[in-house]
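Numbering (our numbering), first residue to last: 32 to 629.
Ideal placement from N, C-alpha and C gives every residue a C-beta, glycine not left out.
Just so we're clear, the structure is a prediction, and the values are computed from it rather than from any experiment.
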RNA sequence: GGGGUCGUAGUUCAGUUGGUUAGAACGCCGGCCUGUCACGCCGGAGGUCGCGAGUUCGAGUCUCGUCGGCCCCGCCA
C-alpha cells in the first residue's frame, strides 16, 4: 500500500535548523522541518525525532495540545518529511537527553504538515548502523543523511574554500580550462568523447590541465590556480577514481623554493584550521635517491622506522648463493630489522611474508631470528665476518628478526618498502594521530621503460632538468636530475610538480629523447611548442590530489568517502548504473559502430 | 588481464561432517500503551541461500563457471 502525503508547505517558513533550538528560545513558537527519525508511539503521547543536516530535535505530539496533530502523527513513519509548528518548551528535568545538542528542549506540536512520504529505508539512517558500501552507494541520498557520511564532504568543502581564499590573497587567479580537449600520448589511457560535427574525431577529457596552465603563464597570468576535475581511464584503487579532483597551481618567474613556500603555508593553514594541528615548517626534504635507499619508495611514510639497510657489500662472494648470485648480476641485498620480530611463527615466515613480497616480484624472503644461536634457513652458510656485519649494519638486537631480500634493486625496493608498511601496520608501529610531511626532490628526469628500450619521463615531458645537469642531457640522459618535487603525507603522494621547460629548443630536445620524431612532436604538441616560442616566462607549479588530501584530513580509509557519488571498483556508478548502452540513433549520429558480439 | 575475500529475510549476520520445515537481532505490518529517546508489551508477515551447471539418494554447505561489492598485482607521463 503506497502512502501519499500531500500537505502543501504553504506560507510556512522554517524558523531555524532542527539542531539549533536551545533553552534560550523556550516559549517561542517555532516552525521546524525535516525528516522523521523513528516514532515512539505511547498511544497517548507520540514522540518523533525530527532530523536535518544540523541535528535532531524531539517533537512531542500530545492530544491535549492538539488532537488533530496527534491524530496525524500516528501516520508518521521513518524518513517521512514533515513541517511542525509548535511551542518550544523546556523538558521536564528527568527527561533531559544529554546525548543530543537539543536535549534540554522539545517542540510541543500545535500543527503538523505531512509534506512527503518515504518508503521504508533499506538501512536505518543512523550513524551507528552499518550498511554495506554497495547498499550505501546505491542509496547514497539516504546515506548522506547520516552525519558520518556527510561530514567528510563538508570537510572537503571547507578545505577547498580555505585554499581558494588563501591563494586569492596571494594574487592567484582561478581560471577554468577545457574539459573537451585534445588527446596527448603517454601517461594514462584517455577518456574519449566523440565529435558529432567531425565524425571519426574525438575530444579527450583532460588527465590534467598541464599544457593549458603553462600556456596561461605564456599568456602573462603569472599566478594561476584551479580546482579541477581530471580523468584517467585506468583501474581503480582505494585512493584512485577514474575522475578525481586536482588543485592545479602554476606561477611565473619562480624557483622550487617559491613553490615550496606557497604550498607549505597553505598546507600549514589547512592543518591548523581544519585539524587544530601546528605543523613544523619548513617541511623536511629527502632526495629521491635517499628516499629509495632508506625506504625503498619515493613516497615514504616517515611516521615510523623500520628503515631499509644495505647488506650488498657484506654478501659479495658469499656462501649464501642466492645473495652472491644476485649481486653478481648487478642486484642488491637489502633488509629490514624488526624489533621483537623473532616471535613471528614459522607459518608467518614461510607463507605469509614470502607470499606478501611475492606480489611485488620477489622470489623469496630470507630471515634471521636473533635468538642466542641464530635461527635462520641461511644460518649455516654465514661466516663470522658476515654475522658481525649483519649485526652492525642492521643495528638489530637479541629478540629481533632481520628480513633479507636479494634481487635487482627495483624489485628489492618495491618489495621491502611494501613489507615495511605491512609490518608497520601489523605491529601497530604507525601512530594514528601523527602527520608526517616530506618533500621528495631531485628526481631523475628520465628512466628506462621497463619493457621497451626507450626513455620515459619520471614526472612528465615538460619538467625542466636541473641547470647543472644540462650538459649530461645528450651524453648520459639517465644521470640528469630534474627540478621536480613531490609532497608526501603519511606515505601518500598528495602533490607533485616541477619547474617547467620554458625554452622551445630544450623542450624539443627532451621530446626527442622520449622518442618523438620532430614530426610527431609537431603533430601532438605543435600548439604548445609554438606558444613557448613567443616569450614563455620561466615558470613552475604543482598539483595536489584534492580527494587524497581530504581523505587524510577526514581520516577516511578510501577517497570514496570524500566523493559524493563515487564509482565502484569496476568503475560503475552504483546510483545511476552508468556506464550504460545508448540509443543506436545516438551512435549513428556520431558515426560510431560498436564491434562487440551480441 | 591476474590473485585474494565476501555474497543467506528489507538490513546486519549465524547456519555443525552434505541430512527433517534455513534461524537471530534490528527493521516492517497489526493491536495495546501519556515521558519515551535503541521506548515497552502481545501477535504476525517476510527467503529463487547472487545466478547457472555439476557431483550426490540428498547441496545454503562440495566442484566448476559466471555476476556483483571490497582489497591487491599489472596499469596509473
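With a 10 Å radius around its C-beta and 16 neighbouring C-beta atoms as the bar for buried, classify residue i as buried or exposed.
i, result
"residue 30", "In the structure displayed, the chain extends from 32 to 629; residue 30 sits before or after that span and is not available."
"residue 137", "buried"
"residue 207", "exposed"
"residue 522", "buried"
"residue 592", "buried"
"residue 237", "buried"
"residue 397", "buried"
"residue 624", "exposed"
"residue 345", "buried"
"residue 629", "Note that residue 629 has pLDDT 37, beneath the 50 cutoff, so the model's placement of it is unreliable and no number is given."
"residue 565", "exposed"
"residue 365", "buried"
"residue 284", "exposed"
"residue 97", "buried"
Over the uninterrupted alpha helix (DSSP H) stretch that includes residue i, give me the two end residues.
i, result
"residue 451", "440-457"
"residue 191", "178-200"
"residue 620", "615-621"
Check for me: the beta strand (DSSP E) holding residue i runs from which residue to which?
i, result
"residue 470", "468-472"
"residue 115", "112-121"
"residue 88", "86-92"
"residue 69", "60-72"
"residue 355", "First-last for residue 355: 352-359, but that is the alpha helix (DSSP H), not the beta strand (DSSP E)."
Between residue i and the rest of its own chain, which residues show a CB-CB distance below 7 Å, the 5 nearest in sequence each way excluded?
i, result
"residue 295", "312, 313 and 314"
"residue 232", "226"
"residue 169", "605 and 606"
"residue 633", "Since the first residue shown for the chain is 32 and the last is 629, residue 633 is missing from the structure and cannot be characterised."
"residue 213", "235"
With a CB to CB cut of under 6 Å and the five nearest residues on each side skipped, what residues in its chain are close to residue i?
i, result
"residue 260", "274 and 276"
"residue 348", "355"
"residue 37", "none"
"residue 95", "none"
"residue 43", "62 and 114"
"residue 544", "486 and 508"
"residue 494", "513, 515 and 529"
On a CA-only basis, which of the options is nearest residue i? Give me that one, please.
i, options, result
"residue 352", "202, 437 and 135", "437"
"residue 404", "413, 397 and 396", "413"
"residue 477", "511, 169, 240 and 39", "511"
"residue 428", "360, 400 and 513", "400"
"residue 334", "474, 71 and 454", "454"
"residue 597", "269, 520, 493 and 45", "269"
"residue 249", "321, 625, 346 and 568", "568"
"residue 320", "72, 441 and 240", "441"
"residue 281", "378, 53, 242 and 47", "242"
"residue 563", "434, 244, 461 and 446", "244"
"residue 86", "92, 78, 70 and 48", "48"
"residue 560", "81, 58, 542 and 343", "542"
"residue 380", "418, 417, 519 and 450", "450"
"residue 144", "613, 551 and 45", "45"
"residue 461", "79, 215, 336 and 300", "336"
"residue 110", "147, 133, 140 and 89", "147"
Helix, strand or coil: which one does DSSP assign to residue i?
i, result
"residue 281", "strand"
"residue 487", "strand"
"residue 326", "helix"
"residue 479", "strand"
"residue 421", "helix"
"residue 406", "strand"
"residue 46", "coil"
"residue 332", "coil"
"residue 289", "helix"
"residue 306", "helix"
"residue 298", "helix"
"residue 629", "Low confidence applies to residue 629: its pLDDT is 37, below 50, so where it sits in the model is not reliable, and the reading given next is rough at best. Three-state result, residue 629: coil."
"residue 503", "helix"
"residue 377", "helix"
"residue 244", "helix"
"residue 385", "helix"
"residue 221", "coil"
"residue 312", "coil"
"residue 266", "coil"
In chain order, what residues of the same chain lie with their CB nearer than 8 Å to the CB of residue i, ignoring the 5 residues before and after it?
i, result
"residue 480", "486 and 487"
"residue 361", "439"
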